[in-house]
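Residue numbers (the working numbering), protein chains in the order written: chain A, 1 to 192; chain B, 1 to 192; chain C, 1 to 192; chain D, 1 to 192; chain E, 1 to 192; chain F, 1 to 192.
Glycine is no exception: its CB is placed at the ideal position from the N, C-alpha and C atoms.
Note that the structure is predicted; figures quoted are calculated from it, not measured.
Just below is one structure, and these are the notes that go with it.
Number of protein chains: 6
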Amino acid sequence: MPVISVTLLPGYTPEAQSRLVSHLAAAARAVVPASEAGTIVFVHEASTFRRDARVLTGGDGAAALPDAVEVVRAFLDAVGRRDFEAARSWLAPDFEMVFPGGALMRDLTELPAWAAARYQSVRKHYERLEQAWQGDVTVVFCSGTLQGRWPDGAGFEGVRFVDRFELAGGRIRRQEVWNDLAEARAGRPTAP
Amino acid sequence: MPVISVTLLPGYTPEAQSRLVSHLAAAARAVVPASEAGTIVFVHEASTFRRDARVLTGGDGAAALPDAVEVVRAFLDAVGRRDFEAARSWLAPDFEMVFPGGALMRDLTELPAWAAARYQSVRKHYERLEQAWQGDVTVVFCSGTLQGRWPDGAGFEGVRFVDRFELAGGRIRRQEVWNDLAEARAGRPTAP
Amino acid sequence: MPVISVTLLPGYTPEAQSRLVSHLAAAARAVVPASEAGTIVFVHEASTFRRDARVLTGGDGAAALPDAVEVVRAFLDAVGRRDFEAARSWLAPDFEMVFPGGALMRDLTELPAWAAARYQSVRKHYERLEQAWQGDVTVVFCSGTLQGRWPDGAGFEGVRFVDRFELAGGRIRRQEVWNDLAEARAGRPTAP
Amino acid sequence: MPVISVTLLPGYTPEAQSRLVSHLAAAARAVVPASEAGTIVFVHEASTFRRDARVLTGGDGAAALPDAVEVVRAFLDAVGRRDFEAARSWLAPDFEMVFPGGALMRDLTELPAWAAARYQSVRKHYERLEQAWQGDVTVVFCSGTLQGRWPDGAGFEGVRFVDRFELAGGRIRRQEVWNDLAEARAGRPTAP
Amino acid sequence: MPVISVTLLPGYTPEAQSRLVSHLAAAARAVVPASEAGTIVFVHEASTFRRDARVLTGGDGAAALPDAVEVVRAFLDAVGRRDFEAARSWLAPDFEMVFPGGALMRDLTELPAWAAARYQSVRKHYERLEQAWQGDVTVVFCSGTLQGRWPDGAGFEGVRFVDRFELAGGRIRRQEVWNDLAEARAGRPTAP
Amino acid sequence: MPVISVTLLPGYTPEAQSRLVSHLAAAARAVVPASEAGTIVFVHEASTFRRDARVLTGGDGAAALPDAVEVVRAFLDAVGRRDFEAARSWLAPDFEMVFPGGALMRDLTELPAWAAARYQSVRKHYERLEQAWQGDVTVVFCSGTLQGRWPDGAGFEGVRFVDRFELAGGRIRRQEVWNDLAEARAGRPTAP
Numbered sequence: 001m002p003v004i005s006v007t008l009l010p011g012y013t014p015e016a017q018s019r020l021v022s023h024l025a026a027a028a029r030a031v032v033p034a035s036e037a038g039t040i041v042f043v044h045e046a047s048t049f050r051r052d053a054r055v056l057t058g059g060d061g062a063a064a065l066p067d068a069v070e071v072v073r074a075f076l077d078a079v080g081r082r083d084f085e086a087a088r089s090w091l092a093p094d095f096e097m098v099f100p101g102g103a104l105m106r107d108l109t110e111l112p113a114w115a116a117a118r119y120q121s122v123r124k125h126y127e128r129l130e131q132a133w134q135g136d137v138t139v140v141f142c143s144g145t146l147q148g149r150w151p152d153g154a155g156f157e158g159v160r161f162v163d164r165f166e167l168a169g170g171r172i173r174r175q176e177v178w179n180d181l182a183e184a185r186a187g188r189p190t191a192p
Numbered sequence: 001m002p003v004i005s006v007t008l009l010p011g012y013t014p015e016a017q018s019r020l021v022s023h024l025a026a027a028a029r030a031v032v033p034a035s036e037a038g039t040i041v042f043v044h045e046a047s048t049f050r051r052d053a054r055v056l057t058g059g060d061g062a063a064a065l066p067d068a069v070e071v072v073r074a075f076l077d078a079v080g081r082r083d084f085e086a087a088r089s090w091l092a093p094d095f096e097m098v099f100p101g102g103a104l105m106r107d108l109t110e111l112p113a114w115a116a117a118r119y120q121s122v123r124k125h126y127e128r129l130e131q132a133w134q135g136d137v138t139v140v141f142c143s144g145t146l147q148g149r150w151p152d153g154a155g156f157e158g159v160r161f162v163d164r165f166e167l168a169g170g171r172i173r174r175q176e177v178w179n180d181l182a183e184a185r186a187g188r189p190t191a192p
Numbered sequence: 001m002p003v004i005s006v007t008l009l010p011g012y013t014p015e016a017q018s019r020l021v022s023h024l025a026a027a028a029r030a031v032v033p034a035s036e037a038g039t040i041v042f043v044h045e046a047s048t049f050r051r052d053a054r055v056l057t058g059g060d061g062a063a064a065l066p067d068a069v070e071v072v073r074a075f076l077d078a079v080g081r082r083d084f085e086a087a088r089s090w091l092a093p094d095f096e097m098v099f100p101g102g103a104l105m106r107d108l109t110e111l112p113a114w115a116a117a118r119y120q121s122v123r124k125h126y127e128r129l130e131q132a133w134q135g136d137v138t139v140v141f142c143s144g145t146l147q148g149r150w151p152d153g154a155g156f157e158g159v160r161f162v163d164r165f166e167l168a169g170g171r172i173r174r175q176e177v178w179n180d181l182a183e184a185r186a187g188r189p190t191a192p
Numbered sequence: 001m002p003v004i005s006v007t008l009l010p011g012y013t014p015e016a017q018s019r020l021v022s023h024l025a026a027a028a029r030a031v032v033p034a035s036e037a038g039t040i041v042f043v044h045e046a047s048t049f050r051r052d053a054r055v056l057t058g059g060d061g062a063a064a065l066p067d068a069v070e071v072v073r074a075f076l077d078a079v080g081r082r083d084f085e086a087a088r089s090w091l092a093p094d095f096e097m098v099f100p101g102g103a104l105m106r107d108l109t110e111l112p113a114w115a116a117a118r119y120q121s122v123r124k125h126y127e128r129l130e131q132a133w134q135g136d137v138t139v140v141f142c143s144g145t146l147q148g149r150w151p152d153g154a155g156f157e158g159v160r161f162v163d164r165f166e167l168a169g170g171r172i173r174r175q176e177v178w179n180d181l182a183e184a185r186a187g188r189p190t191a192p
Numbered sequence: 001m002p003v004i005s006v007t008l009l010p011g012y013t014p015e016a017q018s019r020l021v022s023h024l025a026a027a028a029r030a031v032v033p034a035s036e037a038g039t040i041v042f043v044h045e046a047s048t049f050r051r052d053a054r055v056l057t058g059g060d061g062a063a064a065l066p067d068a069v070e071v072v073r074a075f076l077d078a079v080g081r082r083d084f085e086a087a088r089s090w091l092a093p094d095f096e097m098v099f100p101g102g103a104l105m106r107d108l109t110e111l112p113a114w115a116a117a118r119y120q121s122v123r124k125h126y127e128r129l130e131q132a133w134q135g136d137v138t139v140v141f142c143s144g145t146l147q148g149r150w151p152d153g154a155g156f157e158g159v160r161f162v163d164r165f166e167l168a169g170g171r172i173r174r175q176e177v178w179n180d181l182a183e184a185r186a187g188r189p190t191a192p
Numbered sequence: 001m002p003v004i005s006v007t008l009l010p011g012y013t014p015e016a017q018s019r020l021v022s023h024l025a026a027a028a029r030a031v032v033p034a035s036e037a038g039t040i041v042f043v044h045e046a047s048t049f050r051r052d053a054r055v056l057t058g059g060d061g062a063a064a065l066p067d068a069v070e071v072v073r074a075f076l077d078a079v080g081r082r083d084f085e086a087a088r089s090w091l092a093p094d095f096e097m098v099f100p101g102g103a104l105m106r107d108l109t110e111l112p113a114w115a116a117a118r119y120q121s122v123r124k125h126y127e128r129l130e131q132a133w134q135g136d137v138t139v140v141f142c143s144g145t146l147q148g149r150w151p152d153g154a155g156f157e158g159v160r161f162v163d164r165f166e167l168a169g170g171r172i173r174r175q176e177v178w179n180d181l182a183e184a185r186a187g188r189p190t191a192p
């Protein structure tokens, strides 16, 4: 039943407008128990817009923020390939990572060393990528299972994990990781 | 700059409308890089509304969904008090919990036994409660640190954790937990 | 897909608003091939309205026009009961009736005499009452079958008829009748 | 006084939009007693539209339904020329015709034979073409007088008639005819 | 042709809303050459309104500014009665008056002395009170003619004048006066 | 807080739309005590518009009225250059001027003669140009100081003046002038 109308300046791409209306529908349905069939969202472009004594006319629309999930995918993809140069292009200058046990790192290149003590190799199987929209900040939660090899070469799989990525202005400024690797290690037949 | 207008039937409380407009503002600002000052959201109540050949008039508005964060708070509060009766009132019939290591439980009363082997007592310090609005489902992520006592009585604190709560229709149907307890245990001077 | 918003002054009853939104949905769907599910119509009441230098505020809404089909039903009902006094309350001062063969009458009391030569009694079975909205004028078409007795007492039934009622300002100003009675009469075994 | 705003996707021609706003004005004025001067209708094109989890953007507008009166005119025109091939292009597959006396026909080519017994030739003078918008169906009523020649060659004119055309999806699926020909025949100096 | 919709929080009186829609109509017609008949302005009350992260719901509407012309009338009325106490209630703390010749005064009580040299008595006949709306400031121009007695008792009338009143926040902060008194004095048969 | 939406037909230039939204913001803020930051005005172009049974579609928008202040500037500019031909292009056929003392003139060429008795030369220093929007009429008030030479060659400056220009349909139909020249003359050491 909710009908949501958004007035924007022209200039936003169909993809950005599509993302916007989908966000709004989801956000509204978290409060109003309406079906998708009964949730209507549309965009009206204003030819002229004035607020705070400033007049904007057609085409002055700012670029939209990138899709946070796509930014995180691109980042994780680059890290997975150990292409830290490309990965850094998605990071904010004050980027920080916190890994299980509380280890805090600021540079991606610190990762291999930190990881070497924990596993020989690891691959992340993503099951869910979920977004929390908080205005200036968008948080993306990725969860799924880890598959890989312990330092001694034995394999592991199905180890639960969740990552929290904090984005502002389209850039990742914080990544936090939790997983069951320690549980899995402690539960191994041969304790480390 | 985005101006968002929502048409609703009358009957939603000021609290529900307030939550709705805040949701919409946050969701919009995740796509359109506008300041809070430039993001306008308001509600117009329609005296009569027709869709799918059904006409609704004043006051037929369905009740709003409860605030997911408040539901989770109330649930965690009751669990903390071991008041499982009250806690269950927030759960969906098919509720499932997954704890570190992959332990799956369906009944809250299973918790004490499962926990006894891991810690004598534990208290959760919540730092963030974040919502991902997904239409039919709202997911709440709670993160913070754990403080408590190991089975041998020694204390621990600052152990990272994150919970994922999945809600539908205002009820919790799934809870997933990750934390650094195993890391902390493995890192204890005297290994268990 | 069409979303139709109507701004009205307050004061129109829920029934009138319901009729209005249904009219608008039907009228729109005659041009835009949308399903009922995708056709949305709602009413926003304006607290203040200004046009042509006149300002109207809450509650100045004029009464709605009566439902034309209900006016015609009430009229036909009264005529059927030969309660011409009540029937006249639904007529405009310049009311005219045109019957098969082109007979023009202005007074309902002329009916019995005109009818007596054609049939002993007649009853109208209405199958459809359809409205053509033409702004200042609403036309109602009633169609169905006639059942009754010829002057010689023999019965007839299933004789097709259609009436056209022209209403303005909620009053009937013209009624036109067509039917197959002459066909039926000519087709009788015993020709008159 | 009513102000009606319609939100549509782009793609509808000016003619279709013109027809739409005129329909809406007429439909509204059948309930709200406002003058034409005080009835305002306009179309806002939405750059993006979402309902039922589907997002449509610019130019995805479906074609408008044809003007029912124009379809009926084109059909009657072709029938009048005995160009049944062209006439059939306006008909739905399940088209049926009901003529005075209840004769039911499905094929236009049956017409000449059925008519031959009744009249040598006939021409329809249309005075009114009126539309009843019923959502999925639009009904067009045509009324006026018939002029022609009886089988014996004598002429007739001014014979009242009304046709009811039922359209769905822009095609005619049913035509019903009533007229005073039997009355006129019975009233001829030399009875047949 | 312009249709202007204003969304406000509830709480503004019918008088304030009436003034608002009239202002907007006049302001629009200074740019768009539309007739009064074609200029439509209405107010929709929003049940909830959010901007700059603040949510306002029903009834939080701030009081409207007073009608600037009424403030000026009340002020001039009080001054005319020499009721400076009442007159001051309409003034801003930094009020200044500039009279012909450039005389600057801050206190109303200075007026009688300044005037005594110029005329024995004077009455203002107002023909026009015109408003210039400038956002934070509203300027009212009053013009008409002066009638009175010269110091020597001889009468004068029809002497042109114009006053400029500058208002902010509903209070008068500046008054400037121009008139033809000097012209009239110089043109008197017996020069002073 | 007020959100003002204007529906116009396409065809108005960005400049005209900009002027329109600024007018509306100023007019609204004269009644509603909102900040510029909280005053939102935008224009939606309607693809089709119907009122008073007339349908207008894209691009039929009438030209906007010229900016009254610009018209007055251009006029005063031409008069200052004594280019009465150019100046007249801004005047309505029934143009009238009223100068201090009540002198009424209809032709600009009468000015030099009238002025010669009063001053040798004069230049207007404009400090403020203010607009009063009155629907069919826009009034512009210009105020500032005069600088020039008396007939005897002595100079004067800082003499207060105000002009009232009445415009309709983009043309000046009336100019009224007030100033302190007579005051200044009377106050000269050597009386004329």
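Give me the Cβ distance between residue i and residue j, rounded to the nearest whole Å; I'm assuming they're in contact under 8 Å.
i, j, result
"F:Thr48", "D:Pro14", "7 Å"
"B:Trp150", "B:Tyr126", "Not a contact, Cβ separation roughly 22 Å."
"F:Phe141", "E:Phe141", "6 Å"
"D:Gly135", "C:Glu36", "7 Å"
"A:Thr195", "F:Ser18", "Residue 195 of chain A lies beyond the range of chain A shown here (1 to 192); nothing can be said about it."
At the level of alpha carbons, what is the spacing between residue i and residue j?
i, j, result
"B:Ala191", "B:Arg185", "Low confidence applies here, because B:Ala191 scores a pLDDT of 49, under 50, leaving its location unreliable and the question unanswered by this model."
"B:Trp114", "A:Gly187", "15 Å"
"A:Arg123", "B:Thr7", "47 Å"
"A:Asp163", "A:Leu129", "9 Å"
"D:Asp52", "B:Phe156", "50 Å"
"E:Arg81", "F:Ala34", "35 Å"
Taking the alpha-carbon of residue i as reference, which of the options has the nearest alpha-carbon?
i, options, result
"F:Ala168", "F:Arg160, F:Pro2, F:Val71, F:Val6", "F:Val71"
"D:Arg106", "D:Ala87, D:Arg81, D:Val55", "D:Ala87"
"B:Val43", "B:Pro10, B:Phe75, B:Ser35", "B:Pro10"
"D:Leu181", "C:Gln131, C:Pro189, C:Asp94, C:Gly101", "C:Gly101"
"E:Phe161", "E:Asp152, E:Gly170, E:Gly148", "E:Gly148"
"A:Glu85", "A:Thr109, A:Val139, A:Gly144", "A:Thr109"
Cβ contact check for the segment 12 to 28 of chain C and the segment 172 to 186 of chain D: 3 or more pairs under 8 Å: Contact fails: fewer than three Cβ-Cβ distances are below 8 Å.
Minimum length 3: unbroken beta strand (DSSP E) runs contained in the segment 133 to 166 of chain A: Correct list: 137 to 149.
Within 7 Å of chain I by C-beta, residues of the segment 15 to 40 of chain F in sequence order: The structure shown contains no chain I; its protein chains are A, B, C, D, E and F.
Inside the segment 28 to 65 of chain F only - beta strand (DSSP E) runs reaching at least 3 residues: You should have 40 to 45, 48 to 51, 54 to 57.
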